[in-house]
Amino acid sequence: MHIENQSVAVLCCSGVGKNYWQGAQQVQVLRELALEIRAGEMIGIMGASGSGKSTLLNLLGGLDRPDTGRIELLGRDLAALSDRELALARNRHLGFVYQFHHLLGEFSAIENAAMPLLIAGLGRREAFRRATALLAAVGLAGRLQHRPAQLSGGERQRVAVARALANRPDCVFMDEPTGNLDRGSADQVVALLLDLNRELGISFVVVSHDERVAGRMQRVLMLEDGRLLETSLSDASRHDPGRHDPGRHEAGNRRLMASYPLLIGWRFFRAGSGNRLVSFVSLLAVAGLVLGVALMIVVLAVMNGFDREMRTRILGLVPHVQLSRDGGIADWQTLAPRLLEDSAILGATPFVRLGGMANFHGRVVPVELLGASATAGSRYAALGPLTQEDGLLLSRRIAERLGAKEGDALTLFVAGSDSGGRGAMPVARAFRVTGIFATHTTLDNALVVTRLETAAALAGLDGRVQGLQLELVDPFAARAMAYRLLEKLPAGYRFTDWLQTHGNLYQAINMSRSLVGMLVFAVIAVAVFNVVALLVMTVVEKRPAIAILKTQGATRGGIIGVFITQGSLIGLLGVGLGVLLGCLGALVLGDAVNWLENLLDFRFLNVAVYPIDYIPTDLRAGDVLAVALVALGLNFLAALYPAWRAAAVPPAQVLRYE
1232 MHIENQSVAV
1242 LCCSGVGKNY
1252 WQGAQQVQVL
1262 RELALEIRAG
1272 EMIGIMGASG
1282 SGKSTLLNLL
1292 GGLDRPDTGR
1302 IELLGRDLAA
1312 LSDRELALAR
1322 NRHLGFVYQF
1332 HHLLGEFSAI
1342 ENAAMPLLIA
1352 GLGRREAFRR
1362 ATALLAAVGL
1372 AGRLQHRPAQ
1382 LSGGERQRVA
1392 VARALANRPD
1402 CVFMDEPTGN
1412 LDRGSADQVV
1422 ALLLDLNREL
1432 GISFVVVSHD
1442 ERVAGRMQRV
1452 LMLEDGRLLE
1462 TSLSDASRHD
1472 PGRHDPGRHE
1482 AGNRRLMASY
1492 PLLIGWRFFR
1502 AGSGNRLVSF
1512 VSLLAVAGLV
1522 LGVALMIVVL
1532 AVMNGFDREM
1542 RTRILGLVPH
1552 VQLSRDGGIA
1562 DWQTLAPRLL
1572 EDSAILGATP
1582 FVRLGGMANF
1592 HGRVVPVELL
1602 GASATAGSRY
1612 AALGPLTQED
1622 GLLLSRRIAE
1632 RLGAKEGDAL
1642 TLFVAGSDSG
1652 GRGAMPVARA
1662 FRVTGIFATH
1672 TTLDNALVVT
1682 RLETAAALAG
1692 LDGRVQGLQL
1702 ELVDPFAARA
1712 MAYRLLEKLP
1722 AGYRFTDWLQ
1732 THGNLYQAIN
1742 MSRSLVGMLV
1752 FAVIAVAVFN
1762 VVALLVMTVV
1772 EKRPAIAILK
1782 TQGATRGGII
1792 GVFITQGSLI
1802 GLLGVGLGVL
1812 LGCLGALVLG
1822 DAVNWLENLL
1832 DFRFLNVAVY
1842 PIDYIPTDLR
1852 AGDVLAVALV
1862 ALGLNFLAAL
1872 YPAWRAAAVP
1882 PAQVLRYE
């Protein structure tokens, strides 16, 4: 005798029709179909292949929509529900079991069985506790941690049954649940369904070609010409189903869990792919991100290094502003302290600059002689001793070209003063090399330094100097400072600033930084495109998994979250490794280049072309963070399209054909 709750209709459909197109021809699969499924009822549906049995189950489960008619789940029209409401209904009120099991291969038996509970928002511990009990009930207590590949066909089907029952649904749809099993396993599955119906009172709708399976149900219907026909009433109707209250769900109003996409996305990422092509594209995507991010960090560090060297080393030797006057400056000793009263000026030192030729044992090299003050505070005093009257400091490059070394004597020819209107006559002066310096900049190409007094005497200035070199607090205010000083000084003064002598170099460094940055950014973009290709291929590979997740109540947003999570994890791996490699490369690049230059006896940077003869690096945390964030942002955007495609996968079509 049936108990009271069996009078409640779980599902009711009337006038249901469904058509498909085969080329230009429309095929009517279901027509004016009517069916009522009551609580605790077990219904078997038989029919020829292609008669529409799977189509009917997909319509009843809300995986597809009918062209005509109405399907109600617990009194609610499925066609009136939103995608999210349909997902919630499937999660709480319906279960699905398919012929080919459709378990998630990346998850263990207990994780597969617990998935609907996790999607429903149940905590992991409680979900696993219930899944353990369900698996024990279907005879798999000792196989909880086994993956689907480690289970037999019958065991996989039992896991699918346990998963379908996880949320105590009102009705479970089973599409050929024994079609892929041997007779012994099939009999065990059918016996299990009958036992569960007795204990739990859950309705079952079983589609099968096997009359032995269908005959064990309470009602057996035949699907012919798109309509259901009553055929028989089996002996199975004599047992009373267990107590089950349709529509009452212990999840209450709890929303679908927001964190299950993280779990599934992480597992998809960790498991990789069994498809060699997908694995190869995955390797390319990660490698591209690693190299792109690493290159970007190294390039920015090198550009920062050039900028730093420009500001500290080159601008530490090149005067920010040079004040000069025709005929020289006689009162420079009083003018310099007066200029230093301005807080924007750090130093004011006299100079004399002459062009000339250095001769050492027949080797002649053009040089630029600079007379500098030997007092502390002179930016040239650090290059070497300027105490001897005939002492001369040579750059290492000039010394190498002459073949001279410290202590050698050489002759310097410079243009002397104009005497009697006959033009400047060359003056020869013997010097002794008192030091050899290396600034590693373009200054090494021609600079030689001697005492200020010696150079002034060679120029015939008689106690005067050519001008004053100014060091400013802000080198980039040199032009404005120079004009301001000219307004205060007597007529006849003129200036030269570093922007005139080295401004093009500084602009070139900044332009190179921008251009190289754009180039490497393009490399990252190409690597991110590989991530798009990888995720699209992954979506194609995971279509059955996506479909089965939708049957368990996964929403479109949840599916999008799964693949955004997977894409983000790929990005985190690639960007993380790229940051490590880039930082390491930036830190060791200078030493590595020096070692390679010594090994090959070759200079990669020649100061005849480049401002310095070494590769400087300046690794900045802000740049590293910016590169990482940009790469991750691009990677996130790249994951949106594949994730959207995944969410659009039609579960009914996939489960029917794949």
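Those letters in the sequence shown? Residues 1232 to 1889, per my numbering, in order.
Glycine included, each C-beta is placed from N, C-alpha and C at the ideal position.
Contacting residues, own chain, Cβ-Cβ under 7 Å from Leu1625 (five flanking each side not counted) = Excluding positions up to five away in sequence, the list reads Ala1635, Val1664, Ile1667, Val1679.
Helix, strand or coil for Met1712 per DSSP?
-> helix
Under 9 Å between C-beta atoms of Thr1848 and Val1529 | yes
Mind checking which residues open and close the beta strand (DSSP E) that includes Asp1314?
-> From DSSP, Asp1314 is part of no beta strand (DSSP E) but of the alpha helix (DSSP H) over 1314-1324.
How would you call Leu1523, buried or exposed, if buried means at least 16 neighbouring beta carbons within 10 angstroms?
-> Just to set this straight, residue 1523 is Gly in the shown sequence, not Leu. Flag for Gly1523 reads buried.
Is the number of C-beta pairs between the segment 1370-1380 and the segment 1255-1262 that are closer than 8 Å three or more?
-> Result no; under three Cβ-Cβ pairs closer than 8 Å.
Does the pairing of the segment 1455-1464 with the segment 1417-1428 give three or more beta-carbon distances under 8 Å?
-> no
Residue of Val1793, Leu1815, Leu1820 minimising C-alpha distance to Tyr1872 | Val1793
Using CA coordinates, which residue listed in Ala1739, Gly1798, Asp1573, Leu1366 is at the minimum distance from Lys1719?
-> Asp1573
For Gly1281 and Ser1513, the rounded distance between their alpha carbons = 39 Å
Can you name the start and end residues of the beta strand (DSSP E) that Val1438 belongs to?
-> 1434-1438
Count the other CB atoms within 10 Å of the CB of Leu1366; is the residue buried (16 or more) or exposed (fewer)?
-> buried
Could you tell me which of Gln1619, Ala1575, Asn1428, Ala1785 sits nearest to Ala1661, measuring between CA atoms?
-> Out of Gln1619, Ala1575, Asn1428, Ala1785, Gln1619 has the C-alpha closest to the C-alpha of Ala1661.
Could you tell me whether the Cβ atoms of Glu1337 and Val1509 are closer together than 9 Å?
-> no
Name the residue from Ser1799, Phe1500, Glu1828, Asn1829 whose alpha carbon lies nearest to the alpha carbon of Leu1860.
-> Ser1799
Per DSSP, Glu1461 is paired with what?
-> Leu1452
On the DSSP bridge assignment, give the partners of Asp1728 in chain order.
-> Residue pairing from DSSP places Asp1728 in a beta bridge opposite Val1552.
Three-state secondary structure (DSSP) of Phe1331 = coil
So what's Pro1581 in DSSP terms, helix, strand or just coil?
-> strand
If you draw a straight line from the alpha carbon of Leu1319 to that of Asn1289, how long is it in whole angstroms?
-> 16 Å
Please go through the same chain and pick out, in chain order, the residues whose beta-carbon is closer than 7 Å to the beta-carbon of Gly1602, but skip the five residues on each side of it.
-> Cβ within range, chain order: Phe1582, Val1583, Thr1681, Arg1682, Leu1683, Thr1685, Ala1686, Ala1687.
Touch check for the segment 1267-1280 and the segment 1429-1447: three-plus C-beta pairs under 8 Å?
-> yes
Which partner residues does Asn1590 have in the DSSP bridge list?
-> Val1595, Thr1642
Between which two residues does the alpha helix (DSSP H) containing Arg1443 stretch?
-> 1442-1445
Residues that Val1680 bridges to, as DSSP identifies them = Leu1601, Leu1624
My guess is that Gly1578 and Val1696 are in contact by the Cβ rule of under 8 Å, so how many angstroms apart are they, rounded?
-> About 15 Å separates the two Cβ atoms, so there is no contact after all.
Closest residue to Asn1761 among Ala1677, Pro1550, Phe1867, Ala1722 (Cα-Cα distance) = Phe1867
Could you tell me if Met1448 is buried or exposed, where buried requires 16 or more neighbouring beta carbons within 10 angstroms of its beta carbon?
-> buried
Does the pairing of the segment 1800-1811 with the segment 1347-1360 give three or more beta-carbon distances under 8 Å?
-> no
Cβ-based burial, Ala1640 [other Cβ within 10 Å; buried from 16] = Around the beta carbon of Ala1640, a 10 Å sphere encloses fewer than 16 other beta carbons of the protein chains shown; the residue is thus reported as exposed.
Which first and last residues belong to the alpha helix (DSSP H) in which Ala1823 is found?
-> 1787-1831
Looking at the unbroken beta strand (DSSP E) that takes in Thr1299, where does it start and where does it end?
-> 1299-1304
Cβ neighbours of Ala1607 in the same chain (closer than 8 Å, five flanking residues each side left out) = For Ala1607, the predicted structure reports a pLDDT of 48, less than 50, and the residue's modelled location is therefore unreliable. A value from the coordinates is still provided. None.
Quick one: measure Cβ to Cβ for Ile1790 and Leu1780, integer angstroms, because I've assumed they're closer than 8 Å.
-> 7 Å
Could you give the residue range of the beta strand (DSSP E) that holds Arg1269?
-> Segment 1256-1269, the beta strand (DSSP E) holding Arg1269.
Report the three-state DSSP secondary structure of Asn1398 (helix, strand or coil).
-> coil
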